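Residue numbers (the numbering used here), protein chains in the order written: chain A, 1 to 255; chain B, 256 to 510.
Take a look at the structure:
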C-alpha cells in the first residue's frame, strides 16, 4: 500500500490553463485517504509564485511548502557551495533567484527553459563562463515540451546539451530525473522511496527517474506530453499506464 | 614520403584577415616539390566565393576545384537522395545552396554555423522539421571556434547536439571529421589515404578525423584555435605538433 505521492504538475494536473478533467477530485481522494502528497515540477518557465497562483485558480489546494521546483533546488545548491549564479533562464523566473548571493567569486551557470531568450549571445555568454571554470547546473534536462500550438518544442535539455558539447563537460541536473530531487520531496513527508508512488506524463523524467530513484511505483498518464508508445521507450517501464490522474489515483487506491 | 596534402584553412593559412606568417611561402614549397594539395575547410559561415576571394587577397594561389566545403558536400548529398533542404545556416551561406531543388517532398534539415541566427525560433523550426521526419545533415560538428575577440565561441556542433538531444536521433556529419569528406578530397587528387598528410589546428576534427580516415600522418599546428594540451586530448594522437604551417611543411619535406 502506497504511503505517499509525488505528482507532476503540467500535463497531469493541468494542460495549458485548464485543469485535467477529474484532477481536482482525484487530489481530494488522496487527501481523504490521509495520504501525503508533494508536487514535483520540472517547469522552469514560471516562478513559484505563478505556479501556486495557477494551482489555486484551477481549484487545487496546494500548500507552498508542498511544491518542489528546480529553481528552489538550485538556490539551495548555490547557497551550500557559496556560488554566485550566471543565469541562463527566462526573465519570468528571475524572481526565484532574487535571494542568491551575487557577489561570490566563483560562479555557476544555471540553465532553465529560457525559451526565446535562448539567443546565441546569451548561450555563448554562458559557454564563456563555463570556459572560465564556472560550475554547471541544469534546472532540468527535458528534451521537449508540448507547446501552446499542440506541437512539441525544444526544452531546456537541448540547450544544456549544446553547452555540454561546446564545453566538453556535463551539467549537474537538479530537477527530475535527478534522484536527489525525488529524495528531497520524499524526505519532506517522511516516506521511504519504496512506499511512494510517482504520477507523471513524462516517461523519461517522471517514470524512469522515479523508478531509478527507488520509488515503489511510477504511473504514466496519457495526458499532457504523453504520446502512444512512450512507455516502450523508457527503462524501467512504468508500473502502470492509465488514462489520466483520476485513473491513476483509482489504480493506486484499489491495490 | 608523402604524396599529397590536405590543408585546413582558418587557423592554418590565415587568422582573421591576415595570413599566418610564412604560410604563403609554405604552400609554394609544397607546389615546388610537385605535391598536390587540397583545401578542406569546416567553415560554414562564408560561402565558397568569399573563401576563394579571401585566399586570393591574402596571396594564396588556390584553384576553385581544390577547395572542399561542407556546403558543397551537402548539395551533393541532397541531389543524390532527392531531398529539399530546410536550411539552418547563416544567410551569407545561402548562395551555396542556390542550385538545390526546393520542391522535393522529403526534406533534410541542414545545419551550419548560423551564429546569431541560432535563435530559438529558427532552432525550433528545424526541430519540428526533424519531428516530422526530415533527414538530418550537419555541415560540421565543431565544438568551438576562435572568435574575433580572441575568445572561444560556440560553433555549429553545439547546436547540432541540441537538435540531436531534442529529436533523440543523430545527425549525419558531412564535414571533418567525417571519413567521407577526407576521402572525396583524396580521390580528387588520386592519392591513397596512407600516403597523404593532413595539416590542421583542430585536434579533433583535423587530426583525429584524418587519422581515423586512414591518413598516413596528421600534423597539429599551434596557430588558430590550438590551445596547449590539445594534443593530449585527442586519440589517435597527432603524428607531430609544430609551431605553424611553415614548420609543418618543413617537417614533412625533411622526412
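Just so you know, even glycine gets a beta-carbon here, dropped at the ideal spot from N, CA and C. Note that the structure is predicted; figures quoted are calculated from it, not measured.
- [ ] For residue 116 of chain A, return the contacting residues in chain B, with the cut-off set at a CB-CB distance below 9 Å.
- [x] Among the residues of chain B, those whose CB is under 9 Å from the CB of residue 116 of chain A are 374, 375, 376, following chain order.
- [ ] Indicate whether at least one CB of chain B lies closer than 9 Å to the CB of residue 136 of chain A.
- [x] no
Task: At least 3 beta-carbon pairs within less than 8 Å: the segment 375-384 of chain B vs the segment 394-410 of chain B - done: no
Task: Residues that residue 124 of chain A contacts on chain B, provided the C-beta gap is smaller than 8 Å - done: One finds 408, 409 in chain B with Cβ atoms closer than 8 Å to the Cβ of residue 124 of chain A, taken in chain order.
Open item on the list: Given a cut-off of 9 Å on the beta-carbon distance, is the pair residue 7 of chain A and residue 199 of chain A in contact?
Closed with: yes
Open item on the list: Please identify the residue among B:488, B:495, B:481 whose C-alpha is closest to the C-alpha of residue 472 of chain B.
Closed with: Per the Cα distances, B:495.
Open item on the list: With a threshold of 9 Å between beta-carbons, can residue 499 of chain B be considered close to chain A, or not?
Closed with: no
Open item on the list: Determine, for residue 165 of chain A, whether the minimum Cβ-Cβ distance to residues of chain B falls below 9 Å.
Closed with: At a cut-off of 9 Å between beta-carbon atoms, residue 165 of chain A makes contact with chain B.
Task: Euclidean distance between Cα positions of residue 430 of chain B and residue 28 of chain A - done: 58 Å
TODO: Name the residue from A:137, A:56, A:24, A:203 whose alpha carbon lies nearest to the alpha carbon of residue 83 of chain A.
DONE: A:137
- [ ] Would you identify the three-state DSSP class for residue 51 of chain A, choosing helix, strand or coil?
- [x] helix
Task: Whole runs of the alpha helix (DSSP H) within the segment 429-454 of chain B, excluding any shorter than 4 residues - done: If only complete runs of 4 or more residues are kept, the segment 429-454 of chain B shows the alpha helix (DSSP H) at 434-444, in order along the chain.
TODO: Taking residue 79 of chain A as the reference, give the member of A:102, A:62, A:89, A:64 with the closest Cα.
DONE: A:102
TODO: Could you tell me whether the Cβ atoms of residue 88 of chain A and residue 413 of chain B are closer together than 9 Å?
DONE: Result no, Cβ atoms of residue 88 of chain A and residue 413 of chain B do not sit closer than 9 Å.
- [ ] State the Cα-Cα distance for the pair residue 497 of chain B and residue 456 of chain B, rounded to the nearest angstrom.
- [x] 10 Å
TODO: Go ahead and label residue 225 of chain A buried or exposed: buried means 16 or more other beta carbons lie within 10 angstroms of its beta carbon, across all protein chains shown.
DONE: buried
Task: Bounding residues of the beta strand (DSSP E) (the contiguous stretch that carries residue 240 of chain A) - done: 240-242
Open item on the list: Please state whether the Cβ-Cβ distance between residue 489 of chain B and residue 452 of chain B is less than 9 Å.
Closed with: no
Task: Same chain, Cβ closer than 8 Å to residue 410 of chain B, neighbours up to 5 away in sequence not counted - done: 368, 395, 397, 398, 399, 400
Task: DSSP three-state assignment for residue 293 of chain B, whether helix, strand or coil - done: strand
Task: Whole-number beta carbon distance between residue 20 of chain A and residue 244 of chain A, since they are thought to touch under 8 Å - done: 6 Å
Task: Reduced DSSP secondary structure (H/G/I, E/B, other) of residue 118 of chain A - done: coil
Task: Beta carbon proximity, residue 159 of chain A to chain B, threshold 9 Å - done: yes
Task: Segment limits, alpha helix (DSSP H) that includes residue 329 of chain B - done: 325-336
- [ ] Quick one: using the 10 Å Cβ neighbour count with 16 as the cut-off for buried, is residue 254 of chain A buried or exposed?
- [x] exposed
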